[in-house]
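What follows is one structure encoded as structure tokens, with my remarks underneath.
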Amino acid sequence: MGSQEQDDKFYYVYSCDLDANLQVKIGTLEGDRRRPDYEDLLLDPMIEFSGRWQQQCSDMYVEVQVLSGRVEIALPVTTSYKAFTTRWNWNEWLTLPVRYCDLPDDAVLRFTVFEPCRPQRAAMVGATSIKVFTPDRCLNQGLHDLRLSPPPEELPESTARATDGAAGGGGPTVRSEGGTETAASTSVTIVRATSPASAPAPAPAPAGSPKKDASDQMERLSKLTKRHRNGQLQQIDWLDRLTFREIEVINEREKRSSSALYLMIEFPKIVADKQELHRSTCRSPCRRRRHRSSRPLLSAAMDQKTQPAGAGAAAGPGAAAGAGAAAAAASHAAAAAAAAAAQPDYLRVATAPRSHVAPPRFFEEDPVIWLVQLDLFFSQAAVDDELSRFRIAATLLPGHLLRDFTDILRNPPQDRPYTILSDAIRQRFGKSSPRHEAGTTMFCEFVLSTRPTWSSRGLSSGADACFQDNLLELKHHHLARSLRSGVTDRDLKPDAATRDQLSMVVNAPPTRPTSREAQDLVWKYRFYLSSQSKALSKFLKCVNWEQTSESQQALDLMLRWAPIDPNQALELLGPSFTHPAVRAYAVCRLQQAPDEELLMYLLQLVQALRYEIEETIFAGLEVSPTPSRPSSLIITSLSAPPSDDGVKSECPSPVPPAGEDLPPASCPTEEQAPRPDPAGGDITDLSSFLISRACQNAVVANYLYWYLLIECDELDDPAKQDMRVRKRYLAVMKRFTQALNRGGADCRATKFVLSRQQHFISRLVKLFKTVQKESGNRRKKIEKMQSLLADPDALKFNFATFDPLPLPLDPEVRICGILPDKATLFKSALMPARLTFLTDTGAEFVAIFKYGDDLRQDQLILQIIMLMDKLLRRENLDLKLTPYRVLATSSRHGFVQFIESSAVAEVLSTEGSILNFFRKHHPSETGPYGVSADVMDTYIRSCAGYCVITYLLGVGDRHLDNLLLTKSGSLFHVDFGYILGRDPKPLPPPMKLSKEMVEAMGGINSEHYQTFRKQCYTAFLHLRRHADVILHLFSLMVDANIPDIALEPDKTVRKVQDKFRLDLSDEEAVAYMQNMIDVSVTAVMAALVEQLHKFAQYWRR
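Under the UniProt record's numbering, the sequence shown has 587 at position 587, and the numbering climbs by one with no breaks.
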């Protein structure tokens, strides 16, 4: 096998499968020709007008012919005309009219050099030949120097007599890339003009002669060059350059001293999977035919993920020819076994099936096929024990699939664990057809039987040898990343081409895997990259943290790396980075972020706690020897206590007894020790950092508490909840409570406020449970809700008046009561409530409380919209967005901020058009279309912003009822029940841009519509530059149990990344966004669905 890495599959490409024409490159002709003397001129006066008489190089051409024995099997091909001055140099690729698949076993290429000598006649200068296939049954590749045999009349008389009549005597000699002369081992028919003649070989030089010594020297140098090329000699750049230069000098000197001519030719390289492949030592498995054989051209290992069904091959300087390697391998499997059985013992050892084989990698496209491969691997490796098979299969499963089989993996069945696991995988991903599995089985058997599997200890067997590493790769890895290389790597500077490669690696999206070669390149130039903060995550990903010396080098350099921004530290808190020092560094960088910026990422930081090291979370818990007063913040058991009505509480923590109202809004006396300074000391874990910042800021504490509380909530379906993760969040919540207890008056006041908030929410949930049970229509339910809000004794709580309390949705708003008369229910299936709160300033604050709805998905989308708005404002682009607040207080209820607005569908039904709505509220005689210029500008900007944002987030189910419009011109979207490309309607447009919305801008030919398009392009380009931050946020939400993310968690980040089109330049991205806008405006299906939705709403009312 060549220099290709051994991988899971071993492919053979046969000549019968390579449907491409044979190609050969004619290079140069070197050597001196004897110039005719005057005696020759007297015998033939026409020589004076031929090229041989000229002082400069004559006009020659080369004719190439394919022979089988002495039979020509194709028409000859000649080089094009070219005028020469000081050197014969064609440098031309010739394509012969015969395909590789049609070549016989003994195919020979004959090269004949001619020069014009008289009108319509050409004289032969010399001829040579070379076999197309090498003696070890592989296609010839690379450069070759062929020594030309002169015409018979130019040979010495003794040589001519000795070779006269010898049928196929010796042949011309061939010197390969290093310059070695070897017999071509085939007779050559030399043609002069158009007449065939025999081709004698030059007489061999006697032993000890200068020519013989030069030949021996060239042969020795050629062998050393070949060993160097195959990696058998140590490569030292500066010494190699001197050596190869000296070899070239020896070559030139030998050529000048020789009277022969040398023709340099080049065979095409064979390329598969964009990598050059070298010679194979395989043998053809099928019987040869005279003009069509199945000869193996090459062999290489391929990655089953990139080419699961075959390998492509390309032949020629740039042309590609496909080869169905997998199909050919399967069709020749039986013949290969027969050929292997017929081989000698010393050959059968290298090709017989091994017992030490590598297990197949997980096949994402079809896991059922992977199971077939795994079963064949077990049979080859003699792994018969069910438990051993189960352990190997569990090790090979990717991380994102482990939660799908949590019960089986954590509690392996005593009886047939592997069979049960494989059945679960088949049931999860579906079953393949019997014909498909049969074909896959046959191919996998052949792959496993021909895979080279030598180990460092010889042949191994059993499951314990399945995971041995490649010793050569490990040795290369250790040498490349040893401490000794650090001194030289520190001064390395990449050239222009290497800088481009490094830039592609550093700027690649986080979902794109980094190849081993790219990782080695990043490590080699790590000191050069240390000035780029963006490159830190790529550098840390290429570190082998199991190697002590390598990890120590990486940690030392990480501390000297250019400091990363807090938003870049989010990536280091994901599941890909498990080293404590790396996560501690990310926490250190987060400490530089102000509270306002921290609140933008707080939702994702709470989710990142599930990836923290478990010991660091439980290490901060305080164990009190004496029981203290029960905390009203958290629970210490895994089950929530029942509420006073006998129904399981909707809040996962205890509440005051039923007979108690909210305690007075006064803080308890200081009984605990003073809280240590949160900024003091080293905070190295994420949980301690979040608790410390929450103790210093009441707003951070408010949102941290509710984000943690929803993770502590016990779900109705235990199978959907990871109890180990829930215990982790319960521990963080308990540490949070203990930190507030240890703190000063402000911390204890914060704890007291959080307990009052929780009690208020639990009473409110109980109220809506009662309303939900009320029979009757919506009007009766509203009356029941208003009566319960006005009655202080109904639920043992006075909703109309209570002490000022920060609203969990917005803690800066302090509420002191609910106005019962203004409370109402919306017209929808779940009937969310509109509540008007009275604040301590006397103002009114309206919010929506949804019971029976999971708001975590809306909460995430509104957080991303708020982040995008701030990112765009930093770029001086204000798109008048309306990122209203959403807070999920449980997986079954939460708050939504209310914005005074009207649905676009309602505006169209009452006013006729959006412009009429604007003219009604903000008329202007000087403004565009009779509307105030500021209102029109706000409308255009908000339309552009939400069109781009909803496209990037893949928001679905867009109709005119969930597009709202304010009197000031702001348009915004609500109801994000479908995201990441999901949509209940068929053929949705890329973005919601209806005809009525465009008409409000003046139509598609108006200046305002063109302004709208420009705002879309600008917003799209700005957000593309911040794509990494958004992708990091989504990557931390993969395991957050958000409905549309939980459907395909492994594809979540990829879906968002594809929307950004990071593979396009800015100009291409603008053109792409133009196309998206045009498609959305002209979408016919969207207009039809909108009409159907309108009819459905009409009949529902």
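Backbone N, C-alpha and C define an ideal beta-carbon position, used for all residues, glycine too.
Item                                                                                                                                                                                          : Value
So which of THR750, ALA829 and GLU30 has the shortest CA-CA distance to LEU807?                                                                                                               : THR750
Quickly, what does DSSP pair GLY817 with across the bridge? List them, please.                                                                                                                : LEU838
To the nearest angstrom, how far is the alpha carbon of LEU609 from that of ASN777?                                                                                                           : 45 Å
Give a yes or no on whether the C-beta atoms belonging to ALA394 and LEU376 are separated by under 7 Å.                                                                                       : no
Report yes or no: do the stretch 919–931 and the stretch 862–874 share at least 3 C-beta pairs separated by less than 8 Å?                                                                    : no
State the DSSP-derived secondary structure class of ARG885, mapped to helix, strand or coil.                                                                                                  : coil
In its own chain, which residues sit with a C-beta less than 6 Å from the C-beta of LEU402, not counting the 5 before and 5 after it?                                                         : none
Pull up the distance between the alpha-carbon of LEU838 and that of LEU825, whole angstroms please.                                                                                           : 18 Å
Run the CB neighbour count on ASP102, radius 10 Å, all protein chains shown included, and call it buried at 16 or more, exposed below.                                                        : buried
Using the C-alpha atoms, what's the distance from CYS943 back to VAL1081?                                                                                                                     : 13 Å
Buried or exposed, going by whether 16 or more other CB atoms sit within 10 Å of the CB of residue 1122?                                                                                      : Since the first residue of the chain shown is 1 and the last is 1101, residue 1122 is not available in this structure.
Does the count of Cβ pairs from the stretch 590–607 and the stretch 563–578 closer than 8 Å reach three?                                                                                      : yes
What is the DSSP secondary structure of TYR561, counted as helix, strand or coil?                                                                                                             : The sequence given here places Trp at residue 561; Tyr does not occur at that position. Note: TRP561 maps to coil in three-state DSSP.
Please go through the same chain and pick out, in chain order, the residues whose beta-carbon is closer than 8 Å to the beta-carbon of GLY399, but skip the five residues on each side of it. : PRO575
Ignoring anything shorter than 3 residues or poking outside the stretch 684–725, list the beta strand (DSSP E) runs there in chain order.                                                     : none
Would DSSP call CYS117 helix, strand or coil?                                                                                                                                                 : strand
According to DSSP, simplified to helix, strand and coil, what is ASP59?                                                                                                                       : coil
Report, in whole angstroms, the separation of the C-beta atoms of LEU96 and MET264, which I expect to be a contact under 8 Å.                                                                 : Not quite, the Cβ-Cβ distance comes to about 18 Å (not below 8 Å), so this is no contact.
In the DSSP assignment, find the unbroken alpha helix (DSSP H) run with TYR418 in it and report its ends.                                                                                     : 417–429
Run through DSSP, which three-state label would GLN23 get?                                                                                                                                    : strand
Using 8 Å as the threshold, is the stretch 970–979 in touch with the stretch 1026–1033, meaning 3 or more CB pairs across them?                                                               : no
Which of helix, strand or coil does DSSP assign to ALA167?                                                                                                                                    : Bear in mind that a pLDDT of 34 at ALA167, under 50, signals an unreliable position, so the number given afterwards is only what the model happens to contain. If DSSP states are grouped into helix, strand and coil, ALA167 belongs with coil.
Buried or exposed for ASN876, please, with buried defined as at least 16 other CB atoms from any protein chain shown within 10 angstroms of its CB.                                           : exposed
Would you kindly work out how many angstroms separate the C-alpha atoms of ASP1044 and TYR14, rounded to a whole number?                                                                      : 48 Å
With distances taken from CA atoms, which of LEU540, ALA562 and LEU603 is nearest PRO580?                                                                                                     : LEU540
In chain order, which alpha helix (DSSP H) runs of at least 4 residues are fully inside the stretch 947–1035?                                                                                 : 995–999 and 1007–1025
Taking DSSP's pairing of strands, which residues face ASP810 in a bridge?                                                                                                                     : LEU807
Going by DSSP in three states, LYS1075 sits in which element: helix, strand or coil?                                                                                                          : The question names Lys, yet the displayed sequence has Asn at residue 1075. Looking at ASN1075 - three-state DSSP - the assignment turns out to be helix.
Quick one: what does DSSP say CYS134 is sitting in, helix, strand or coil?                                                                                                                    : Looking at the sequence shown, residue 134 is not Cys but Thr. Residue state, collapsed to three classes: coil.
Buried or exposed, going by whether 16 or more other CB atoms sit within 10 Å of the CB of ARG279?                                                                                            : Low confidence applies here, because ARG279 scores a pLDDT of 43, under 50, leaving its location unreliable; read the following figure in that light. ARG279 comes out buried.
Is it the case that the Cβ atoms of PHE917 and VAL907 are separated by a distance below 7 Å?                                                                                                  : yes
Helix, strand or coil: which one does DSSP assign to LEU767?                                                                                                                                  : helix
Within a Cβ cutoff of 8 Å, which residues of the same chain sit near GLU999, ignoring the five residues on either side of it in sequence?                                                     : SER913, ILE914 and LEU915
Of all the options LYS493, LEU730, LEU492 and LYS25, which has the alpha carbon lying nearest to the alpha carbon of residue 1168?                                                            : No information on residue 1168 is available, as it lies outside the stretch 1 to 1101 that the chain covers here.
Where GLU571 and SER537 are concerned, what is the direct C-alpha to C-alpha distance, given to the nearest angstrom?                                                                         : 7 Å
Can you give the beta carbon distance from ILE130 to LEU148, rounded, assuming they're within the 8 Å contact cut?                                                                            : With 8 Å as the limit, ILE130 and LEU148 do not qualify as a contact, their Cβ atoms being about 12 Å apart.
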